Amino acid sequence: MKKFLSMLVVACLLPVAALAHGPSGQKVVKEFEVKAEPAKTWALLKDFGAIGKWHPDVTNVKLEDRKDEESGKTLSHRLVTLKNGTTFLEKLREANDADMKLDYKLVDGKDSTIAVSNYRTVAQVKAGKSSGQSTVTLTARFYNKANTMEAPEGQDNPAANKAINELYDEAAVGLKKALEK
Amino acid sequence: MTNQGDHTVSVVDLASNTVSATVQVGKSPVGVAIDALSNRAYITNVDSRSVSVLDIGSNKVIHEIKLDKVAPVGVALNKSGGQLFVADWFHDQIMVIETQSYKQLTTISMGKAPAGMVLSREGASLYVANRDSNEVGVIDARNHKPLHKIAVGKHPFGMTLSGDGKLLYVVNVESNSVSVIDVRRDVVTATIPVGEHPYCVTTNADGSTVYVTNTHEDTVSVIDAKTQRVTATIRVGGTPEGIAYDNKHQRVYVASWMDNALTVIDAKTNKVVDTIKTGAQSRAFGQFIATLIQK
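See the structure below:
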């Protein structure tokens, strides 16, 4: 009986364990030069609701203040829709003018269909390689959508990396286009 | 210093704060446990599902312990160094491996998603942070029998024994706090709020100061152990994970996953005094500082 019981417990625990967080976070870093003053680049980047004005893949943005469950603070949230139909809800945690650093996180749940989870971005503007230029660095940490090592296709690490790489590559194109005119 | 992104371990000379060697290990290394007596370091490799055994005199991998369908993360040694405890959070068990023969002796099941592990100072008890059951499991380290469970905050992960061995500090990732456990009675005596998404913890040699990495705000919280309050918050490299105290130079070393670096804090001034470039995505989960007994 005891053996049977312990087997039963194991059988019940396995699906729960499969939902647990994958142990290997993923990382994407993009750094690019923009031919615009750092202050100008920063002003556009930190305008959290303005992503629709410069990101080529963004078709709709809804900006609103919401209560953040994690910190208890009221934070600016943006619900973004992409050309391919993907959506994501992001909360702005910090816009640091001194460091020209933007820190935002994905809110996992029904509003976020993008193929990642536990996603955080730090976007920073620095003085560029020559005067009048900016260097923009976008760094992301995230887990795959399924949040497990044995993720099904489309919710696995390659899918998660593809989603963020595409988002960032187009961000570089869009920021340059918007600021260099 | 384990580097998840390039599958290496960086060996750092603490006297000069320079990387003295880079050793290729298994895929996506995370955890580290050091046996200074036998000059060995044990590294858990999540994606190759193995443990690399390093000789820290020569900085060479002397063996790779293959684990079947297991995702090893947390790792600890028993008092003699003869047995290695490896936490497998996918199957909710701890494997006990004999370090001479590399044979698996037994497995211990106690809670869900075991993560950080710490041995009591005298070596009698093994403490395990069971992340998904929000408790710390206590196991008899000699006969491998579960003893009891201590309820803590949400998602306990990194743990450390205070420098004097009397207290166990447990980081609660989702509660943004640290639970303090009196290890003579195995009860929680305090819960201290820290920064967002904390991960790992260490203390100085006498246990008077506690340091916690906050991964989602890129800071280290400094706690006065007597008042159990945060007395300083230090900005460090992006996504700080592993943290350890170097008693000889009175410095705190923090692995920065985002910056691929080790941030060095002077414990006397709480100021960042150095940043050492390591490998990609540094983690160093465990007490990663050791003094070589002999070279």
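Heads up: the protein sequence lines correspond to chains H and E, in order. Numbered per our numbering, the first sequence spans residues 34 to 214. Numbered per our numbering, the second sequence spans residues 30 to 324. From the three backbone atoms N, C-alpha and C, an ideal C-beta is built for every residue, glycine too. A quick note: this is a predicted structure, and the numbers were derived from the prediction, not measured.
Which partner residues does Gln112 of chain E have in the DSSP bridge list?
The count along the second sequence starts at 1 and reaches residue 112 of chain E at position 83. In the DSSP output, where bridge partners are listed per residue, Gln112 of chain E has E:Glu127.
Comparing the C-beta of Val75 of chain E with each C-beta of chain H, is any distance below 7 Å?
Numbered from its first residue, the second sequence carries residue 75 of chain E at position 46. For Val75 of chain E, the closest Cβ of chain H is nearer than 7 Å.
What span of residues does the beta strand (DSSP E) with Gly86 of chain E cover, start to end?
On the second sequence, position 57 is the one that residue 86 of chain E refers to. It is not in any beta strand (DSSP E) - Gly86 of chain E carries neither H nor E in the DSSP assignment.
Shortest alpha-carbon distance to Thr218 of chain E belongs to which of E:Lys255, E:Val54, E:Val75, E:Asn276?
Position 189 of the second sequence holds residue 218 of chain E. Closest in C-alpha terms to Thr218 of chain E, from the list E:Lys255, E:Val54, E:Val75, E:Asn276, comes E:Lys255.
With DSSP collapsed to three states, give me the class of Arg312 of chain E.
The count along the second sequence starts at 1 and reaches residue 312 of chain E at position 283. Arg312 of chain E: coil per DSSP, three-state reduction.
Please report the straight-line C-alpha distance between Asn201 of chain E and His245 of chain E, rounded to a whole angstrom.
Your numbering for residue 201 of chain E matches position 172 in the second sequence. Your numbering for residue 245 of chain E matches position 216 in the second sequence. Cα to Cα, the separation comes out at about 13 Å.
Helix, strand or coil, according to DSSP, for Ser150 of chain H in the structure here?
Counting from one through the first sequence, the residue named residue 150 of chain H turns up at place 117. Correct three-state label for Ser150 of chain H: strand.
So is Leu134 of chain E buried or exposed if we call it buried at 16+ other beta carbons inside 10 Å?
Taking the first residue of the second sequence as 1, we reach residue 134 of chain E at position 105. Its Cβ having fewer than 16 others within 10 Å, Leu134 of chain E is exposed.
Chain E contact for Glu203 of chain H (CB, 7 Å cutoff)
By one-based count along the first sequence, residue 203 of chain H stands at place 170. By this cut-off, Glu203 of chain H is not an interface position.
Can you give me the C-alpha to C-alpha distance between Thr181 of chain H and Lys214 of chain H, rounded to a whole angstrom?
Taking the first residue of the first sequence as position 1, residue 181 of chain H is located at position 148. Taking the first residue of the first sequence as position 1, residue 214 of chain H is located at position 181. Those two C-alpha atoms are separated by around 44 Å.
Would you grab the beta carbon distance between Glu103 of chain H and Glu225 of chain E for me? Rounded to a whole angstrom, and I think it's under 8 Å.
On the first sequence, residue 103 of chain H is found 70 positions in, with the first residue counted as 1. On the second sequence, residue 225 of chain E is found 196 positions in, with the first residue counted as 1. Indeed, because the Cβ distance is near 7 Å, the residues count as touching under 8 Å.
Among the candidates H:Lys159, H:Leu125, H:Lys124, H:Ser150, whose CA atom is the shortest distance from the CA of Ala131 of chain H?
Counting from one through the first sequence, the residue named residue 131 of chain H turns up at place 98. For the residues H:Lys159, H:Leu125, H:Lys124, H:Ser150, the minimum Cα distance to Ala131 of chain H belongs to H:Lys159.
Using beta carbons (cut-off 7 Å, strictly below), is Met182 of chain H in contact with chain E?
As a working note, residue 182 of chain H is residue 149 in the first sequence. So yes, Met182 of chain H belongs to the interface.
DSSP state of Arg214 of chain E, grouped into three classes?
Residue numbering aside, residue 214 of chain E sits at position 185 when the second sequence is read from its first letter. Arg214 of chain E falls in the coil class under three-state DSSP.
Kindly give me the distance between the Cβ atoms of Thr304 of chain E and Gly266 of chain E, rounded to whole angstroms, as I take these residues to be in contact under 8 Å.
One-based indexing of the second sequence puts residue 304 of chain E at position 275. One-based indexing of the second sequence puts residue 266 of chain E at position 237. 7 Å between Cβ atoms; contact.
Run the CB neighbour count on Val42 of chain H, radius 10 Å, all protein chains shown included, and call it buried at 16 or more, exposed below.
Here the question's residue 42 of chain H lines up with position 9 in the first sequence. For Val42 of chain H, the pLDDT reaches just 42, beneath the cut-off of 50, and the residue's location in the model is therefore unreliable, although a value from the coordinates is still provided. Val42 of chain H comes out exposed.
Grouping DSSP H, G and I as helix and E and B as strand, with all else coil, what is Arg160 of chain E?
Residue mapping note: residue 160 of chain E aligns to position 131 of the second sequence, counting from 1. Correct three-state label for Arg160 of chain E: helix.
Through-space distance from Leu208 of chain H to Gly145 of chain E, alpha-carbon basis:
For the purposes of this step, residue 145 of chain E is taken as residue 116 along the second sequence, with counting starting at 1. For the purposes of this step, residue 208 of chain H is taken as residue 175 along the first sequence, with counting starting at 1. Their Cα atoms are separated by approximately 42 Å.
Of all the options H:Glu97, H:Thr154, H:Gly142, which has the alpha carbon lying nearest to the alpha carbon of Ala128 of chain H?
Sequence index remark: in the first sequence, residue 128 of chain H carries index 95 (1-based). Comparing Cα-Cα distances from Ala128 of chain H to each of H:Glu97, H:Thr154, H:Gly142, the minimum goes to H:Thr154.
Within the continuous alpha helix (DSSP H) that includes Asn74 of chain E, where are the two ends?
To locate residue 74 of chain E, count along the second sequence from 1; it is residue 45. For Asn74 of chain E, there is no enclosing alpha helix (DSSP H); the residue is part of the beta strand (DSSP E) that begins and ends at 69–74.
Quick check: the stretch 86–102 of chain H against the stretch 113–128 of chain H, are there 3 or more CB pairs under 8 Å?
Flag = yes, the stretch 86–102 of chain H and the stretch 113–128 of chain H touch.
Can you tell which of E:Ser154, E:Gly182, E:Val54, E:Asp161 has the C-alpha that lies nearest to the C-alpha of Asn172 of chain E?
In the second sequence, residue 172 of chain E corresponds to position 143, counting from 1. The residue with the shortest Cα to Cα distance from Asn172 of chain E is E:Ser154.
Report yes or no: is there a C-beta of chain H within less than 7 Å of the C-beta of Ser57 of chain E?
Reading the second sequence from its first residue, position 28 is the one you call residue 57 of chain E. Closer than 7 Å: yes.
For a contact meaning CB atoms closer than 7 Å, what does Ser57 of chain H contact in chain E?
Locating residue 57 of chain H in the first sequence gives position 24, where the first residue counts as 1. Near Ser57 of chain H (Cβ distances below 7 Å), the residues of chain E are Gln33, Ser57, Val75, Asp76.
Are any of the Cβ atoms in chain C nearer than 7 Å to that of Gln310 of chain E?
Structure shown: chain C not included; protein chains present are H and E.
Can you give me the C-alpha to C-alpha distance between Ser39 of chain H and Asp253 of chain E, rounded to a whole angstrom?
Translated into the one-based positions of the first sequence, residue 39 of chain H becomes position 6. Translated into the one-based positions of the second sequence, residue 253 of chain E becomes position 224. At Ser39 of chain H, the pLDDT of 43 sits below 50, so the modelled position is not reliable; the number obtained from the coordinates is stated separately. The alpha-carbon atoms of Ser39 of chain H and Asp253 of chain E are separated by roughly 44 Å.
Span separating the alpha-carbon of Glu66 of chain H from that of Gly165 of chain H:
For the purposes of this step, residue 66 of chain H is taken as residue 33 along the first sequence, with counting starting at 1. For the purposes of this step, residue 165 of chain H is taken as residue 132 along the first sequence, with counting starting at 1. C-alpha separation (whole angstroms): 11 Å.
What does Glu103 of chain H reach in chain E if we use C-beta pairs closer than 9 Å?
As a position in the first sequence, residue 103 of chain H is number 70, starting the count at 1. Glu203, Asn205, Glu225, His226, His245, listed in chain order.
Under the three-state DSSP convention, the category Thr51 of chain E falls into
For the purposes of this step, residue 51 of chain E is identified with residue 22 of the second sequence, where counting begins at 1. Three-state DSSP puts Thr51 of chain E in a strand.
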